[in-house]
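Participant:
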Amino acid sequence: MIKLYNYELSANCYKQRLFLSILGLDYEAITIEFFPGMEHKSEAFLEINPLGHIPVLDDDGFMVRDAHAILIYLAARYDPSGRWYPTGDPGLLAKTAQWLLFCEGTTSTASAARLHDSLHYDFDIDAVRAGAHRLFRVADEHLWFAEQEGYDWLVPTDHPTIADLALFPDVILSEEGGVSRQDYPALHRWTDRVKRIDGFTPMPGIFFAAPART
Amino acid sequence: MAPVASPCTDPVVLDMWHPISAVAEIKPGRVHTTQLLGSPVSYTLDGDGRPVVWRADPALRPGMPVDAARITERLPVIDRFCFVWTSYGDPPDRLFSIPEFDESDRRTFAAASIGVHTSAPRAVENFLDMGHFPYVHTGILGVEPHTEVVEYDVDITDDNEVVATRCLFYQPLAALAATKGQMTEYTYRVPHPYVAMLYKTAPPDPSRLDAIAIFLQAVTEEQIVAHNFLCMVDHTNTDSELKIFQQKIFGQDKPIIENQMPRRLPLAPRAETPIRADKSSITYRRWLADLGITYGVIPEAA
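Taken in sequence, the protein lines are chains A and B.
At position 128 of the first sequence the residue is numbered 128 (the numbering used here), and the sequence of numbers has no breaks.
At position 211 of the second sequence the residue is numbered 211 (the numbering used here), and the sequence of numbers has no breaks.
In structure tokens, the structure reads:
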């Protein structure tokens, strides 16, 4: 049985819940009281992850930490189609890795702004918001051009990759950190497409897409 | 860094008690700083575990050790319902009461203090609303097609509190301790302009009521910290499980209230269009106007 050490309101933990739901995998969610209990820094949890971060995945004793590493593991292990993490195509694989690394940037900017505003973390709020806007602008332009070429997703292929799932939470929750998405229409359209992926599941702060117009 | 805002000048609000922190979140002998009504305040616990609050002094930065005995210019303080309350003015002798808090078998604790981009009155109003349950708390506090808000009563009590009674709603998972859907009866209370409470049937013992409150700290007029307080009849779930459940519910409400514009609550009767289900909100808005509150609201033009 897969176990996921996670916290309900964490954007990074949601990425794993979302992907597990899309893959249709059963798992046991073990809640770590990130706030206010700071349980991820407790001695008991440091035994599980000495870095004191969530999420951590335990797949029958095989432990993986770090949000994006877990997505890579789940895709490589449980997606026989090979489309979520396209290891068979060097170009697509490189682009997937590139956008996964991009998401480390949104974690330290958009996600940090949300932690500052919601959970009182001590960040330079103006700097992290400006950083988030810089990255959102890049992603918005990229997606606009991708749409012109007939692509719906970050990586130029006809199927979403784990990079889309890695970026989605920081974008869709950005307004909780005071980062408006008003100026990023392509990014907005892309969030609606992510919400329509089969097996999509929400988290507090994220809702299902409105029914499509017929 | 807290947002820059001009300090509150509303005399009614300045004289109220305001929550600033869960007692459990305070490191004794260390400086903590937050913002209340547009001005920074600092606080700590003294050697006896009693809270001490003062107007922030740039020389005493957050995290620094502090000898509470040396703080002579103190603000009024109450340690009540798991939170520290203070005031910039001349507050009443006592805070409102929550009789259930003193029942010995209750689980009472601070569930989380979460920052929200809205005014305190908008958050109170959302807390009083049942109509959003099936859409925002889908599968937990409501589910389609059970969307009707049936007629309920709203009164101002002799203690000058807003109270809504006979509020009935079908809930698939009314509390973590629930095992099946139920018609849940709610009573709502607004015992303080920036506090909303609800009482609802406790699934493990339907003869008793769980009590849940949000104590709102107005950081500015349009920025709050929502302090979640639980007073539960539940002998099964851990504190942590109950806290996370409450955080999940609150996390679902958060984007809804952050998207309500204007962020300050308009008090003019025709500023927003109420429906029958908004009876408690209409009474609350009128009550705020009668109290003369101007902070966090858009007063009716004279």
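Note that the Cβ used here is the ideal one computed from N, Cα and C, for glycine as well.
What does Glu185 of chain B pair with, by DSSP beta-bridge criteria?
Facilitator: Glu185 of chain B pairs with B:Leu168.
Participant: May I ask you to list, following chain order, the residues of the stretch 234–245 of chain B that have a beta carbon less than 8 angstroms from some beta carbon of chain A?
Facilitator: Under the 8 angstroms Cβ criterion, the stretch 234–245 of chain B contributes Ser240, Glu241, Lys243 and Ile244.
Participant: Between which two residues does the beta strand (DSSP E) harbouring Cys231 of chain B extend?
Facilitator: Gln223 to Met232 is the span of the beta strand (DSSP E), which, as asked, contains Cys231 of chain B.
Participant: What is the rounded straight-line gap between the Cα of Arg263 of chain B and the Cα of Tyr170 of chain B?
Facilitator: So the two alpha carbons sit approximately 30 angstroms from each other.
Participant: If contact means a Cβ-Cβ distance below 7 angstroms, which residues of the stretch 192–213 of chain A contact chain B?
Facilitator: Against chain B - using a Cβ distance shorter than 7 angstroms - the residues of the stretch 192–213 of chain A are Pro204 and Gly205.
Participant: Could you compute how far the alpha carbon of Asp117 of chain A sits from the alpha carbon of Gly177 of chain A?
Facilitator: Rounded to whole angstroms, Asp117 of chain A to Gly177 of chain A spans 6 angstroms at the Cα level.
Participant: For Thr184 of chain B, collect the residues of the same chain with a Cβ closer than 6 angstroms to its Cβ; drop the 5 residues on either side in sequence, then sort them by chain order.
Facilitator: Excluding positions up to five away in sequence, the list reads Phe169, Gln171, Ala174, Lys200 and Thr201.
Participant: Could you tell me whether the Cβ of Ala58 of chain B comes closer than 9 angstroms to any Cβ of chain A?
Facilitator: The residue you asked about is not Ala; residue 58 of chain B is Pro in the sequence shown. For Pro58 of chain B, the answer is no, since every Cβ of chain A falls outside 9 angstroms of its Cβ.
Participant: Measure the C-alpha to C-alpha separation of Asp126 of chain A and Ala113 of chain A and round it to an integer number of angstroms.
Facilitator: Asp126 of chain A and Ala113 of chain A: Cα-Cα distance of roughly 9 angstroms.
Participant: Taking contact to mean 3 or more Cβ pairs, one atom from each stretch, closer than 8 angstroms, check whether the stretch 6–21 of chain A and the stretch 199–212 of chain A are in contact.
Facilitator: Yes, since at least three Cβ pairs between the stretch 6–21 of chain A and the stretch 199–212 of chain A fall closer than 8 angstroms, the two stretches touch.
Participant: For Arg134 of chain A, does the count of other Cβ atoms within 10 angstroms reach 16, so buried, or fall short, so exposed?
Facilitator: Exposed, by the Cβ-count rule.
Participant: Counting along the chain, where does the alpha helix (DSSP H) carrying Lys95 of chain A start and finish?
Facilitator: First-last of the alpha helix (DSSP H) with Lys95 of chain A: Pro90 to Thr107.
Participant: Does the beta-carbon distance from Thr157 of chain A to Pro86 of chain A come in below 9 angstroms?
Facilitator: Yes, these two residues count as a Cβ contact at 9 angstroms.
Participant: Answer yes if the stretch 178–198 of chain A comes into contact with the stretch 259–277 of chain B, meaning at least three C-beta pairs across the two stretches below 8 angstroms, and no otherwise.
Facilitator: The stretch 259–277 of chain B vs the stretch 178–198 of chain A: no contact.
Participant: Name the one or two DSSP bridge partners that Phe62 of chain A has.
Facilitator: In the DSSP output, where bridge partners are listed per residue, Phe62 of chain A has A:Asp59.
Participant: Could you check where the alpha helix (DSSP H) with Ser111 of chain A kicks off and where it finishes?
Facilitator: That run of the alpha helix (DSSP H) goes Ala110 to Leu119.
Participant: For Ala29 of chain A, collect the residues of the same chain with a Cβ closer than 6 angstroms to its Cβ; drop the 5 residues on either side in sequence, then sort them by chain order.
Facilitator: If we look at Ala29 of chain A and ignore the five residues flanking it on each side, its Cβ neighbours are Leu4 and Asn6.
Participant: Could you tell me the distance, in whole angstroms, from the CA atom of Ala231 of chain B to the CA atom of Ser240 of chain B?
Facilitator: According to the sequence provided, residue 231 of chain B is Cys. The question's Ala does not apply to it. Approximately 14 angstroms between the Cα atoms of the pair.
Participant: Please list, in chain order, all residues of the same chain as Met1 of chain B whose beta carbon is under 7 angstroms from its beta carbon, the five residues on each side excluded.
Facilitator: Residue placement at Met1 of chain B cannot be trusted, given a pLDDT of 43 that sits under 50; the coordinates are not used to answer.
Participant: If you reduce the DSSP assignment to three classes, tell me which class Gln260 of chain B lands in.
Facilitator: In this structure, Gln260 of chain B counts as coil in the three-state DSSP scheme.
Participant: From Trp85 of chain B to Ala120 of chain B, what distance separates their C-alpha atoms?
Facilitator: Approximately 16 angstroms, taken between the alpha carbons.
Participant: Of the residues that make up the stretch 254–267 of chain B, which ones have a beta carbon closer than 7 angstroms to any beta carbon in chain A?
Facilitator: Flagged, chain order: Lys254, Pro255 and Glu258.
Participant: Counting only Cβ pairs nearer than 9 angstroms, list the residues of chain A close to His117 of chain B.
Facilitator: Per Cβ cutoff of 9 angstroms: Asp117, Glu175, Glu176 and Gly178.
Participant: Report buried or exposed for Gly61 of chain A, applying the criterion of at least 16 other Cβ atoms within 10 angstroms of its Cβ.
Facilitator: Answer is exposed; the Cβ neighbour count stays below 16.
Participant: Spell out the partners DSSP gives Thr273 of chain B in its beta bridges.
Facilitator: Paired residues: none, contrary to the question.
Participant: Using a C-beta to C-beta distance shorter than 9 angstroms, which residues of chain B count as neighbours of Thr31 of chain A?
Facilitator: Going along chain B in sequence order, the residues near Thr31 of chain A (Cβ under 9 angstroms) are Ser240, Glu241 and Ile244.
Participant: Please name the residues in the stretch 31–51 of chain A whose beta-carbon is closer than 8 angstroms to at least one beta-carbon of chain B, in chain order.
Facilitator: Result list: Thr31, Glu33, Phe35, Pro36, Gly37 and Glu39.
Participant: Expressed to the nearest angstrom, what Euclidean distance is found between the alpha-carbon atoms of Pro153 of chain A and Gly105 of chain A?
Facilitator: Note that residue 153 of chain A is Trp in the sequence shown here, rather than Pro. Roughly 19 angstroms separates the two Cα atoms.
Participant: List the residues of chain A whose Cβ lies closer than 8 angstroms to the Cβ of Ser113 of chain B, in chain order.
Facilitator: Within chain A, the residues near Ser113 of chain B are Pro36 and His120.
Participant: Short check: CB of Glu33 of chain A to CB of Pro255 of chain B, under 9 angstroms?
Facilitator: No, the pair does not count as a contact, with Cβ atoms beyond the cut-off.
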